[in-house]
Each structure stands twice: as C-alpha cells, then as structure tokens.
Amino acid sequence: MISKNLSCFVAEQKVYNFPFVPRSEWSHRPPAATSEPLAIPVPYVVIHHTYVPGACNTTEQCSGHMRAMQNEHMLGQGWFDIGYNFCVGGDGAAYEGRGWAARGVHAGRGNALSLGICLIGDWSGELPPTQQLETTKALIAAAVELGVVSEDHRLVGHRQMTDSDCPGDALFEEIMSWKNFSPIPAGPEDPL
Ligand SMILES: [Zn+2]
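Count the sequence shown with this note's numbering and you get residues -4 to 187, in order.
Encoded structure:
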C-alpha cells in the first residue's frame, strides 16, 4: 500500500489517532540533501532516548528540542538532516524527523533496516509519561499499517545495534514488554 505519494498521504493525517507534528511545523531548516530511501517494509524498529536534550512537555518546548537536535546533527555532525525518523515528546505528540520513507542516521548497522524513533528525554532512571509511551506504540502501529515496517518486525533498543546505553535502562526495560520486542540481536557483537 506504500507509494511515492506516501508523504502526501501521511500529511493528510488520515491514519493518525494521536497528535502528529509535521516537520514543516517545527523546522525552518530544509534537509541538506535527499536521504536514501528506506527499502520498505523494514524489519526493525529501533527505540532511542535523547539523553540530551531533556524531557519536554509542551509543543513549543518539544519543537525547540527538535530544532536543537537538527542543528546538532546537521551543523555539528554534518548529516543531511536530523538523524531520527520520528521523535515523541512528553506532550504526547509525534514529531516528524526524516519521516516514513527516508533512511535515518541513528543505529549504525541498523540504519538501512529500521525506523528510528526517539523518545525525547533522559530515560535512564525513570520512565517517560504514559502519553509519550502510548503515542510511541501508536506510531509503530501506524508504521505497520502503512507498510513501512513489517508486521513481524523486531522492536529493539539502540544498545542492541551499537555500543550505547540508549534508550536508557528504565525505557529499555519498559520496551522489553512491548509487542514484537526481540532480544535478538543481543548487542553490537551479535549478528542481525
Ligand atoms: Zn539512541
């Protein structure tokens, strides 16, 4: 069901039952180049936390955090755009990053095989607010419905892909109980 019209289709927001902030509403910076397309449906969803910037609770605050990350990724790291496909804020809204169809920069060897979703905040020692978790689950369900992520995908934490503490101990423990969570790969040394 996916097509090259996906971004238009998605922009119409017909499939969402959760708050969604398209990049045009938070970003004033266009991508420096066109990202490679993802070969969809991808077999992985990779969950992240931002660590820095910290948690946000309003559209204004979360939009500012998105801009800060985009600036860091583009001007600091020299990437084409913010690294993540999507982020989810403590306001319960999903923020469009590279979006559904573009390959992100967030999980090393997993970049080409996954949709990267970050939960804004440091979730090492505490859990995100319920609405942030629920919107993340709804976003993943929408990705499956849209054919971006395969139905039998593996949901993993960033630490399973590369050497990282991400998405924080508390959030990692939480996603271990989510639908489609996979303990494989067990870590960066484990084959995909
Ligand atoms: Zn991460």
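All residues carry an ideal CB built from backbone N, CA and C; glycine is no exception.
- prompt: In chain order, what residues of the same chain have a beta carbon less than 7 Å from the beta carbon of Trp21, not counting five sequence neighbours either side?
  reply: In the sequence shown, the residue the question calls residue 21 occupies position 26. These residues qualify, in order along the chain: Ser58, Met61, Arg62, Tyr90.
task: In angstroms with no decimal places, state the Cα-to-Cα distance between Glu67 and Glu140.
output: Here residue 67 refers to the residue found at position 72 when the sequence shown is read from its first residue. Here residue 140 refers to the residue found at position 145 when the sequence shown is read from its first residue. Distance from the CA atom of Glu67 to the CA atom of Glu140, rounded to whole angstroms, is 32 Å.
- prompt: Hey, does Phe13 have any beta-carbon neighbour from chain C nearer than 8 Å?
  reply: Absent from the structure is chain C; it holds one protein chain and no more.
- prompt: What are the partner residues of His43, as DSSP defines its beta bridges?
  reply: Indexing the sequence shown from 1 puts residue 43 at position 48. Paired residues: Cys113.
query: Helix, strand or coil for Ala165 per DSSP?
result: Translated into the one-based positions of the sequence shown, residue 165 becomes position 170. Three-state DSSP puts Ala165 in a helix.
Residue closest to Val83, alpha-carbon to alpha-carbon, out of Val37, Ala96, Lys132: Here residue 83 corresponds to residue number 88 of the sequence shown, with the count starting at 1. Of the residues Val37, Ala96, Lys132, the one whose Cα lies closest to the Cα of Val83 is Lys132.
- prompt: Can you tell which of Glu168, Ile115, Pro38 has the C-alpha that lies nearest to the C-alpha of Asp147?
  reply: In the sequence shown, the residue the question calls residue 147 occupies position 152. In terms of Cα proximity to Asp147, the closest of Glu168, Ile115, Pro38 is Pro38.
field: Member of Asp185, Ala138, Cys161, Thr157 whose CA lies at the smallest distance from the CA of Asn12
entry: Within the sequence shown, the letter at position 17 stands for residue 12. When the alpha-carbon of Asn12 is set against those of Asp185, Ala138, Cys161, Thr157, the nearest one is in Ala138.
message: Closer than 7 Å to a non-hydrogen atom of ligand 2 - does that hold for the CB of His43?
response: Ligand 2 is not part of this structure, which contains only ligand 1.
- prompt: Hey, Gly105 and Met156 are a contact pair by Cβ (cut 8 Å); roughly how many whole angstroms apart?
  reply: Here residue 105 refers to the residue found at position 110 when the sequence shown is read from its first residue. Here residue 156 refers to the residue found at position 161 when the sequence shown is read from its first residue. Right, their Cβ atoms sit about 4 Å apart.
field: Ala89: first and last residue of the uninterrupted beta strand (DSSP E) it sits in
entry: Along the sequence shown, one-based indexing puts residue 89 at 94. Unbroken beta strand (DSSP E) run through Ala89: 89 to 91.
query: On the premise that Gly78 lies in contact with Gly99, defined as a C-beta separation below 8 Å, what is that separation, rounded to the nearest angstrom?
result: Numbered from its first residue, the sequence shown carries residue 99 at position 104. Numbered from its first residue, the sequence shown carries residue 78 at position 83. The distance from the Cβ of Gly99 to that of Gly78 is about 5 Å, consistent with a contact at the 8 Å cut-off.
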